[in-house]
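Take the sequence shown: its letter number 222 is residue 222 in UniProt numbering, and every next letter is one higher. Cβ atoms here follow ideal geometry from the backbone N, Cα and C, with glycine treated the same way. Beneath this line is the structure, given in structure tokens, with notes to follow.
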Amino acid sequence: MQLIIPMSGLGQRFQKAGYKIPKPLIEVEGKIIVEHILEMFPGVNKVIFICNKDHLRNPNFKMREKLLKLNVNAKIISIDQHKKGPIHAVLKCLSYIDLDEATIVNYCDFNCIWDYKKFIKHVKNTNCDGCVVTYTGFHPHMVGNTNYAYVKLYKDKIIDIQEKKPFTNNPMSEHASSGTYYFKSGEIMSKYFKKTVDEDLNTKGEYYVSMSYKPMINDNLNLNIFNLDKFMQWGTPEDLEEYKWFSELFKVKNNPSYTKNFKIEGNTLIPCAGLGKRFSREGYLLPKPLIKVSKKPMLIQALNYLPSTNNLQIVFRNSMKGVNSLMKEVKKYYPQSSFYLLDRETNGQAETCTYGAKSLNNDLPLTISACDNGILYNPDNFKKLLKDKSIDIIVWGCKNYPGAKRNPEMYGWIEEKNNLIKKIHVKKIYQDPKLDPIIIGTFTFKKGSFFLSSVNDLMQNGSKVNGEYYVDSSINHAIEMGYKVVYFPVDFYLCWGTPNDLKTYEYWDNCFSSWANHSYKR
């Protein structure tokens with residue numbers, strides 16, 4: 001087997017994002033990206049790197065030195081800078097390629113968990129002329145972005161392929177190309193790369209390897225797919241930053257400084273009276289608080305991340321499916337808990353919380369939080385804010401959460417200076433989603449009465465957003481009433497609030513725990 005890695009592109013998106021080195025040399029998990037690529041193919045020694053000559057010439061990159069360190073026998077081919085895609089790059093280097101050798105062309109901007117030995121058996125047993133390595137099902141990078149190559153099958157055979165768009169309205173049910181393409185020989189690869197150019201099968205001026213399968217299909221070659229287990233997309237700065245965020249989260253998730261529970265004075269209040277329509281529409285049979293997260297009900301997991309208090313009050317709807325079993329489950333873990341059952345829908349989260357708060361001692365501190373997230377934070381930093389008598393309200397927030405950057409209109413944004421909150425922007429962007437903190441749904445009022453007076457003012461003024469009263473909005477009323485409100489930055493926000501949020505969390509949990517190169521273990 002010979003492995004060809006075209007890496008001669010400009011990487012303009014990474015340059016614009018401030019990266020100073022070519023994409024293949026960016027470090028991820030202590031290794032440059034192209035090293036991860038090589039590790040996907042254990043035992044393959046015939047490696048051809050096709051490089052941008054300007055990258056090779058730049059002494060700051062040390063590209064040749066780094067590549068030879070990975071494989072001392074590798075062929076490093078220098079070509080002119082271009083914007084014509086990987087097929088163009090490979091065709092420039094045909095004299096270096098063994099036309100009789102089975103060949104893999106692999107892109108240089110991703111990683112995956114797969115069984116390479118099983119793949120080799122697959123291509124031998126099926127005697128295929130070409131094989132596209134694919135993935136299907138839920139993958140976080142496909143949420144809101146379907147700009148990939150997709151394969152259409154009839155039984156086990158490829159009958160069509162196209163770039164940058166799916167064949168259906170449900171792309172996650174399709175087979176998307178990972179960027180690994182097998183050819184039975186270098187000769188087959190060469191022939192159909194040339195045909196791709198001759199037939200001008202380009203996408204916005206670029207010739208992608210996927211398009212070489214079009215003429216192969218027309219010539220009735222034996223083409224199939226091989227599905228990998230987990231896919232890690234690093235192709236854009238946004239993809240890479242999102243990957244890094246979740247990777248760091250899971251590295252520290254089980255750190256004792258985060259997992260040890262500590263106790264504070266006062267009460268905890270959790271509103272759990274929403275209808276959970278998004279989950280039911282996705283086919284979830286249980287109400288959201290009962291849906292399992294890491295083998296425990298979501299509500300229990302959310303509570304486990306909060307500081308504990310002497311009193312825990314949870315507000316449910318009495319019509320909620322499974323509410324009695326859920327109360328029993330909570331009591332098992334939190335015997336100090338009590339419950340308020342609503343007999344109707346309210347006008348939003350803030351109003352729901354007022355019902356739960358009325359029976360509490362509101363001269364004591366009150367922490368309000370959600371049933372659908374976990375939080376990793378520094379307990380000592382939180383305790384300092386609790387002890388500061390000048391502070392009335394603490395708003396917990398987080399920066400750089402990928403879901404908020406993707407859908408900023410779904411979050412509340414904090415306008416602050418030196419952690420003193422000026423304003424909360426509810427369901428609308430403040431300035432820059434890459435820099436501004438979001439509200440994560442957790443608030444600590446030094447007295448419960450501060451919450452009730454703020455919400456009373458909110459409701460008297462009819463300050464609804466999207467037809468609902470939010471605790472987020474009540475903070476603006478608290479500021480207008482003279483309360484000192486500060487921002488408490490948490491380290492990580494574990495969001496399970498929508499089906500995609502939960503699936504994203506589960507995906508990375510499974511991926512990192514099964515990947516030998518990652519430190520996270522369940």
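Worksheet item: How many angstroms separate the CA atom of S177 from the CA atom of E35?
Response: One-based indexing of the sequence shown puts residue 177 at position 177. One-based indexing of the sequence shown puts residue 35 at position 35. Each residue's alpha carbon lies about 20 Å from the other.
Discussion item. On the criterion of 16 or more Cβ atoms from any shown chain inside 10 Å, does R57 qualify as buried, or is it exposed?
Written reply: Within the sequence shown, the letter at position 57 stands for residue 57. Burial call: exposed.
Fill in: Of the listed residues V209, L70, K75, L38, nearest to I48 (C-alpha basis)
In the sequence shown, the residue the question calls residue 48 occupies position 48. By alpha-carbon distance to I48, the top candidate from V209, L70, K75, L38 is K75.
Worksheet item: DSSP on Y154, reduced to helix/strand/coil?
Response: The sequence position of residue 154 within the sequence shown is 154, counting from 1. Three-state result, Y154: strand.
Discussion item. Here's the rule I'm using: 16 or more other beta-carbon atoms within 10 Å means buried, otherwise exposed. How should T196 be labelled?
Written reply: Here residue 196 is taken as the residue at index 196 of the sequence shown, counted from 1. By the 10 Å Cβ count, T196 comes out buried.
Item to complete: Pick out whichever of V395, N60, K288 has its Cα sitting closest to the Cα of W496.
Response: Here residue 496 is taken as the residue at index 496 of the sequence shown, counted from 1. Cα-wise, what sits closest to W496 is K288.
Discussion item. For the pair the region 384-395 and the region 473-489, tell me if three or more CB-CB distances fall below 8 Å.
Written reply: Enough Cβ pairs lie closer than 8 Å, so yes.
Worksheet item: For S319, is the classification buried or exposed, using 16 other Cβ atoms within 10 angstroms of its Cβ as the cut-off for buried?
Response: Residue 319 sits at position 319 when you count from the first residue of the sequence shown. Counting of Cβ neighbours within 10 angstroms places S319 among the exposed residues, the total staying below 16.
Worksheet entry | Cβ neighbours of M189 in the same chain (closer than 6 Å, five flanking residues each side left out) | Within the sequence shown, numbered from 1, the residue matching residue 189 stands at position 189. Around M189, the same chain offers T103, F183 as residues with beta carbons nearer than 6 Å, after the five sequence neighbours per side are excluded.
Worksheet item: Between the Cα of K428 and the Cα atoms of Q12, Y411, F226, G18, which residue gives the shortest distance?
Response: The residue you call residue 428 lines up with position 428 of the sequence shown. Closest in alpha carbon position to K428, among Q12, Y411, F226, G18, is Y411.
Item to complete: Closer than 6 Å by C-beta to E242: which residues in its own chain qualify, once you throw out the five before and the five after it? Chain order, please.
Response: The residue given as residue 242 occupies position 242 in the sequence shown. Cβ-Cβ distances below 6 Å link E242 to P402 in the same chain, with the five nearest sequence neighbours on each side left out; the list follows chain order.
Item to complete: Hey, could you find the ends of the beta strand (DSSP E) K46 is sitting in?
Response: Along the sequence shown, one-based indexing puts residue 46 at 46. Counted as a single uninterrupted DSSP element, the beta strand (DSSP E) harbouring K46 occupies residues 46-52.
Worksheet item: Using CA coordinates, which residue listed in V133, D98, I97, C128 is at the minimum distance from Y107?
Response: As a position in the sequence shown, residue 107 is number 107, starting the count at 1. Each of V133, D98, I97, C128 was checked against the Cα of Y107, and the nearest Cα belongs to V133.
Worksheet item: For F138, which residues from the same chain have a beta carbon less than 7 Å from its beta carbon, with the 5 sequence-adjacent residues on both sides left out?
Response: Residue 138 sits at position 138 when you count from the first residue of the sequence shown. Only M172, K503, Y507 meet the Cβ criterion.
Practice prompt. Could you work out which residue in I77, N73, S513 is closest to S294 when comparing CA atoms only?
Written response: Walking along the sequence shown from the start, residue 294 turns up at place 294. Comparing Cα-Cα distances from S294 to each of I77, N73, S513, the minimum goes to S513.
Fill in: R317 burial status per 10 Å Cβ neighbour count (16 or more: buried)
Translated into the one-based positions of the sequence shown, residue 317 becomes position 317. By the neighbour-count rule (16 or more Cβ atoms within 10 Å), R317 is buried.
Practice prompt. List the DSSP bridge partners of W396.
Written response: Here residue 396 refers to the residue found at position 396 of the sequence shown. W396 pairs with F488.
Worksheet item: From L360 to I438, what does the alpha carbon distance come to, in whole angstroms?
Response: Numbered from 1 along the sequence shown, position 360 holds the residue referred to as residue 360. Numbered from 1 along the sequence shown, position 438 holds the residue referred to as residue 438. Rounded to whole angstroms, L360 to I438 spans 28 Å at the Cα level.
Discussion item. So, for P22: in the same chain, excluding its five sequence neighbours on each side, which residues have a beta-carbon less than 6 Å away from its beta-carbon?
Written reply: Start at 1 with the first residue of the sequence shown, and residue 22 comes out as number 22. Non-local C-beta neighbours of P22 in its own chain, meaning closer than 6 Å and more than five positions away in sequence, comprise G11, H55, ordered along the chain.
Worksheet item: Where does the unbroken beta strand (DSSP E) through W234 begin, and where does it stop?
Response: Here the question's residue 234 lines up with position 234 in the sequence shown. Following the DSSP letters along the chain, one finds W234 in no beta strand (DSSP E), marked with neither H nor E.
Discussion item. By DSSP's criteria, T442 is part of a beta bridge. Which residues make up the other side?
Written reply: Counted from its first residue, the sequence shown places residue 442 at position 442. Note: T442 sits in no beta bridge, so no partner.
Fill in: K331 versus N127, I300, D198, residue with shortest Cα-Cα distance
If you number the sequence shown from 1, residue 331 lands on position 331. The candidate whose alpha carbon is nearest that of K331 is I300.
Worksheet item: Between residue 533 and the rest of its own chain, which residues show a CB-CB distance below 6 Å, the 5 nearest in sequence each way excluded?
Response: Lying before the first or after the last residue shown, residue 533 is absent from the chain, which here runs from 1 to 522.
Item to complete: Could you have a look at A302 and say whether DSSP puts it in helix, strand or coil?
Response: Locating residue 302 in the sequence shown gives position 302, where the first residue counts as 1. In this structure, A302 counts as helix in the three-state DSSP scheme.
Fill in: Residues bridged to G374 [DSSP beta-bridge criterion]
Numbered from its first residue, the sequence shown carries residue 374 at position 374. Answer by DSSP bridge pairing, in chain order: L494.
Worksheet item: Where does E351 fall in DSSP's three states?
Response: Mapped onto the sequence shown, residue 351 falls at position 351. The answer is helix: DSSP assigns E351 an H, G or I state.
Worksheet item: So, F451 versus I368, is the Cβ gap smaller than 8 Å?
Response: Locating residue 451 in the sequence shown gives position 451, counting from the first residue. Locating residue 368 in the sequence shown gives position 368, counting from the first residue. Cβ distance < 8 Å, so F451 and I368 count as in contact.
Fill in: Whole-angstrom distance between Y340 and D239, CA atom to CA atom
Within the sequence shown, the letter at position 239 stands for residue 239. Within the sequence shown, the letter at position 340 stands for residue 340. Computed Cα separation, rounded: 43 Å.
Worksheet item: When we look at the beta-carbon of N111 and count the other beta-carbons within 10 Å, is it buried (16 or more) or exposed?
Response: One-based indexing of the sequence shown puts residue 111 at position 111. So N111 ends up on the buried side.
Discussion item. Quick check for students: name the residue ranges of the beta strand (DSSP E) that lie wholly in the region 72-160, counting only runs of 3 or more.
Written reply: The region 72-160 contains these whole beta strand (DSSP E) runs: 75-79, 103-106, 110-113, 130-135, 150-154.
Practice prompt. Have a look at residue 523 and K423 and give me their C-alpha separation to the nearest angstrom.
Written response: Because the chain here runs from 1 to 522, residue 523 falls outside it and cannot be looked at.
Worksheet item: CA-CA distance, V323 and A273?
Response: By one-based count along the sequence shown, residue 323 stands at place 323. By one-based count along the sequence shown, residue 273 stands at place 273. Counting only the Cα atoms, A273 lies some 10 Å from V323.
Worksheet item: Quick one: what does DSSP say E27 is sitting in, helix, strand or coil?
Response: Indexing the sequence shown from 1 puts residue 27 at position 27. Note: E27 maps to strand in three-state DSSP.
Item to complete: Count the other C-beta atoms from every protein chain shown that fall within 10 angstroms of the C-beta of Q460, then say buried if there are 16 or more, exposed otherwise.
Response: The count along the sequence shown starts at 1 and reaches residue 460 at position 460. When all chains shown are included, Q460 counts as exposed.
Fill in: Nearest-angstrom Cβ-Cβ length linking Y493 and N373, presumed shorter than 8 Å
In the sequence shown, counting from the first residue as 1, residue 493 sits at position 493. In the sequence shown, counting from the first residue as 1, residue 373 sits at position 373. Contact flag correct, Cβ pair sits at about 6 Å.
Worksheet item: How big is the Cα-Cα spacing for L3 and E174?
Response: The count along the sequence shown starts at 1 and reaches residue 3 at position 3. The count along the sequence shown starts at 1 and reaches residue 174 at position 174. Cα to Cα, the separation comes out at about 27 Å.
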